[in-house]
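Chemist:
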Amino acid sequence: MNEKQRLASQQIKQPNSTDVKSDANDNLDRLKQMSSDDLISRYFQTTYEPPNMRKAKKRLKKDVDIHYDFEIPEEMQNIGEGKKFMIRTYGCQMNEHDTEVMAGILTQMGYTSTDDTHDADIILLNTCAIRENAENKVFGEIGHLKPLKTENPDLILGVCGCMSQEESVVNRILEKHQFVDLIFGTHNIHRLPQLVQEAMFGKEMVVEVWSKEGDIIENLPKQRKGNIKAWVNIMYGCDKFCTYCIVPYTRGKERSRLPEDIVQEVRHLAAQGYKEVTLLGQNVNAYGKDFDFEYGLGDLMEEISKIDIPRVRFTTSHPRDFDDRLIDVLSKHDNLLDHIHLPVQSGSSDILRVMARRYTREQYLELVRKIREAMPNATLTTDIIVGFPNETDEQFEETLSLVEEVGFESAYTFIYSPREGTPSARWEDHTPMEVKKERLQRLNALVNQQSADTMKKYQGETVKVLVEGESKKDPDVLSGYTERNKLVNFRGPKSVIGEMVDVKITNTKTWTLDGEMVESAVEVN
Ligand code: 5AD
Ligand code: SF4
């Protein structure tokens, strides 16, 4: 059966491109004439269920469904031949990895990737909802892409990722950006072939966002970026509900992949020659808590340490769930890198309490002490929010003193951003924005100083670098990361890309190191 017959058998009329153009224009005209209430009731009450934050918060006892049966419908398998896709990714590594999955699905549908928006037949914006400025960037980009839709009505423009899980975002797109063809949520990625099909052949904007706790879909294809480092999801979602955070609503409940599925994926990556894997989850220390057998991140890491892969990292940790078993396992195996990203968020126990972080300053410091005792060379990095509602000067000073006391080597620092639907967004806040900005500057100055001081200690030292490729600034320079996650730039032959080499540090900067390759360390052909 050829493609046309297949489509006919499904009773889908494949329009020619003039039809599509005029259909799309008719569609746009009709949409423009509708009031926003009409639009919302049309899309939500008749065809679609809107994302719903209250529903997204529900955590039932029901077991997680694991699916191993993903497949691309036959009629969509070659639909992308000769066509191109582009995915723009915002936000965290989880999103980067979701993009690899979507790229894998589209590749299996026959599409190839492009970086040029003018060349693309499908453009997806994989969005982040964590702070307001992340959302503003996406709305700016949606506006920039509008002319492309007029140029090419066949173009499918989709919005996915965390922002799609927000009711207010979906409403705004329906009201103001009716040229968008497709909105789908974080639980709907495996439905991409069907959604593209609907967007291609249907007349309406396709909206599919499930406000559910989430399943696990195991056998999704992946088009990984590069062949040296790989991401591996070990769990999805978050049940912590820190009072400022939107993630538990946009990503569903904590659900762990089975150890055997993870181990198999890591083994496969090792066999393919990958040198580093990063195990991913919003709160990896909660790994296994949803199993009906005793098994945690420490057990998983122990298992993974036996695989012949030189570097294993994991992110992101939550101090509350970081247990002694994990510390013990990390301290024993060389391929489990002791770089620990341990978001603290604030140095004040009072602020931590209202953030619902479920640990105090003292408990955090005690955890750091235990980690350092077991791993004297551990690198600690963190995330910090300044200007949480009504944070006082004294409370902020406590954050500064904690940063010094722990000696973080780097930190991601943010001004608090209220997220609609989270508890703290409803609280009155008497701290002026000017004060928050000033605090951020002071914090950043301290973090930069600590980073520069750490870097200075490397002067003259020889470090092991996993060479990732040419440096972004200069193609004659190679770059890669040390075990402790320091970016090193050095001159060397291209043949060492993908290898582990020794580099002697000749110059140190605030965030990066310069060095010279120690020739004897590798065989250069
Ligand atoms: N405002 C500012 N920063 C936030 N983060 C999460 N939610 C918010 C928010 N509402 C930060 C936290 C988290 C990191 C990924 O983003 O520091 O660890
Ligand atoms: Fe957000 Fe807290 Fe979960 Fe991290 S642990 S994703 S900050 S709710």
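Okay, so the sequence shown: first residue is 1 according to full-length UniProt numbering, each after it adds one. Here a beta-carbon is modelled for each residue, glycine too, at the ideal position from N, C-alpha and C.
When you compare each of Thr-150, Ile-189, Val-196, Ile-130 to Glu-75 by their alpha carbons, which one comes out closest?
Modeler: Among Thr-150, Ile-189, Val-196, Ile-130, the Cα nearest to that of Glu-75 belongs to Val-196.
Chemist: In angstroms with no decimal places, state the Cα-to-Cα distance between Thr-251 and Ser-401.
Modeler: The question names Thr, yet the displayed sequence has Arg at residue 251. Cα-Cα distance, rounded: 33 Å.
Chemist: Met-500: which of Ala-103, Thr-482, Ala-356, Arg-369 sits nearest, CA to CA?
Modeler: Measuring from the Cα of Met-500, the nearest candidate turns out to be Thr-482.
Chemist: Below 8 Å on the Cβ atoms is my contact criterion, and I expect Phe-85 with Tyr-111 to pass it. Report the Cβ-Cβ distance as a whole number of Å.
Modeler: Sure, about 5 Å apart at Cβ, within 8 Å.
Chemist: Who are the Cβ neighbours of Met-109 in its own chain at under 8 Å, not counting the five residues just before and after it?
Modeler: Taken in chain order, the residues that qualify are Ile-72, Met-76, Gln-77, Asn-78, Ile-79, Gly-80, Pro-193, Val-196.
Chemist: Specify which residues have a beta carbon nearer than 6 Å to any heavy atom of the ligand 5AD, listing them in chain order.
Modeler: Taken from the N-terminal end onward, the list reads Ile-130, Arg-131, Tyr-244, Cys-245, Pro-343, Gln-345, Asp-383, Ile-385, Phe-414, Tyr-416, Ser-417, Arg-419.
Chemist: Determine the DSSP secondary structure at Ser-349, reduced to helix, strand or coil.
Modeler: Helix.
Chemist: What is the DSSP secondary structure of Lys-464, counted as helix, strand or coil?
Modeler: Of the three classes helix, strand and coil, the one that applies to Lys-464 here is strand, per DSSP.
Chemist: Here's the rule: buried if 16 or more other CB atoms are within 10 angstroms of the residue's CB, otherwise exposed. What is Lys-437?
Modeler: When all chains shown are included, Lys-437 counts as exposed.
Chemist: Please tell me whether, using a cut-off of 8 Å, the distance from the CB of His-283 to the nearest non-hydrogen atom of the ligand SF4 is below it.
Modeler: Per the sequence shown, residue 283 should be read as Asn rather than His. Yes, the Cβ of Asn-283 comes within 8 Å of a heavy atom of the ligand SF4.
Chemist: Taking only runs of the beta strand (DSSP E) that begin and end inside the segment 380 to 459, which ones reach a length of at least 3 residues, in chain order?
Modeler: For the segment 380 to 459, whole beta strand (DSSP E) runs of length 3 or above, ordered along the chain, are 410 to 415.
Chemist: In three-state DSSP terms, what is Met-375?
Modeler: In this structure, Met-375 counts as coil in the three-state DSSP scheme.
Chemist: Spell out a yes or no on whether the segment 289 to 297 and the segment 265 to 276 are touching, meaning 3 or more CB-CB pairs, one atom from each, closer than 8 Å.
Modeler: Cβ pair count under 8 Å is below three, so no.
Chemist: Determine which residues share a DSSP beta bridge with Trp-231 and list them.
Modeler: BP columns for Trp-231 point to Thr-278.
Chemist: Quick check: the segment 145 to 164 against the segment 120 to 128, are at least 3 beta-carbon pairs closer than 8 Å?
Modeler: Yes, since at least three Cβ pairs between the segment 120 to 128 and the segment 145 to 164 fall closer than 8 Å, the two stretches touch.
Chemist: Just the C-alpha distance for Asp-502 and Pro-310, rounded to the nearest angstrom, thanks.
Modeler: The straight-line gap from Cα to Cα measures roughly 15 Å.
Chemist: Should Val-247 be counted as a contact of the ligand SF4 given a C-beta to heavy atom distance under 8 Å?
Modeler: Result yes, Cβ under 8 Å from the ligand SF4.
Chemist: Quick one: measure Cβ to Cβ for Asn-52 and Ser-211, integer angstroms, because I've assumed they're closer than 8 Å.
Modeler: 4 Å between Cβ atoms; contact.
Chemist: Which same chain residues end up closer than 7 Å to Thr-506 when comparing Cβ atoms and leaving out the 5 residues on each side of it in sequence?
Modeler: Contacts found: Asp-514, Gly-515, Glu-516.
Chemist: Please go through the same chain and pick out, in chain order, the residues whose beta-carbon is closer than 7 Å to the beta-carbon of Arg-426, but skip the five residues on each side of it.
Modeler: Counting only Cβ-Cβ distances below 7 Å, and skipping sequence neighbours, we find nothing.
Chemist: Any contact of the segment 173 to 186 with the segment 135 to 154, i.e. 3+ C-beta pairs under 8 Å?
Modeler: Judged by Cβ distances under 8 Å, the segment 173 to 186 makes contact with the segment 135 to 154, as three or more pairs qualify.
Chemist: Nearest-angstrom Cα distance between Asp-37 and Lys-494?
Modeler: Caution is warranted here: a pLDDT of 47 is assigned to Asp-37, below 50, making its placement in the model unreliable, and no coordinate value can be reported.
Chemist: Short of 6 Å in beta carbon distance, which residues of its chain neighbour His-318, apart from the five on each side in sequence? Order them along the chain.
Modeler: Excluding sequence neighbours, His-318 sits near Asn-283, Asn-285.
Chemist: Can you tell me the Cβ-Cβ gap for Gly-298 and Asp-323, rounded? I've got them flagged as a contact below 8 Å.
Modeler: That belief holds up - the Cβ atoms of Gly-298 and Asp-323 are roughly 7 Å apart, short of 8 Å.
Chemist: Would you mind stating whether Leu-466 and Lys-229 have Cβ atoms separated by less than 9 Å?
Modeler: Yes. Within cutoff.
Chemist: Nearest by alpha-carbon distance to Leu-337: which of Asp-328, Leu-446, Ala-56, Phe-314 is it?
Modeler: Comparing Cα positions, the closest option is Phe-314.
Chemist: Once the 5 residues before and after Ser-256 are set aside, which same chain residues still bring their CB inside 6 Å of it?
Modeler: Only Met-235, Tyr-287, Gly-288, Asp-290 meet the Cβ criterion.
Chemist: Do Ile-66 and Asp-215 have their C-beta atoms closer together than 9 Å?
Modeler: It is a contact, given that the beta carbons lie within the stated cut-off.
Chemist: Which same chain residues end up closer than 8 Å to Arg-88 when comparing Cβ atoms and leaving out the 5 residues on each side of it in sequence?
Modeler: Closer than 8 Å at the Cβ level, and outside the excluded window around Arg-88, lie Ile-123, Leu-124, Leu-125, Asn-126, Glu-141.
Chemist: Please go through the same chain and pick out, in chain order, the residues whose beta-carbon is closer than 6 Å to the beta-carbon of Gly-281, but skip the five residues on each side of it.
Modeler: Closer than 6 Å at Cβ, skipping near neighbours: Ile-234, Met-235.
Chemist: Given this structure, state the Cα-to-Cα distance separating Asp-29 from Ser-424, to the nearest angstrom.
Modeler: Low local confidence applies: a pLDDT of 47 at Asp-29 is under 50, so the model's placement there is unreliable, and no value is given.
Chemist: In or out: Gly-143 buried (at least 16 other Cβ within 10 Å) or exposed?
Modeler: Exposed, by the Cβ-count rule.
Chemist: Inspect the beta-carbon positions of Val-169 and Glu-135 and report whether they are closer than 9 Å.
Modeler: Yes.
Chemist: Suppose you measure from the CA of Asp-321 to the CA of Leu-330; what does that come to, to the nearest Å?
Modeler: Spanning the two alpha carbons is a distance of roughly 15 Å.
Chemist: Is the CB-CB distance between Thr-422 and Tyr-244 below 9 Å?
Modeler: Yes, the pair counts as a contact, with Cβ atoms nearer than the cut-off.
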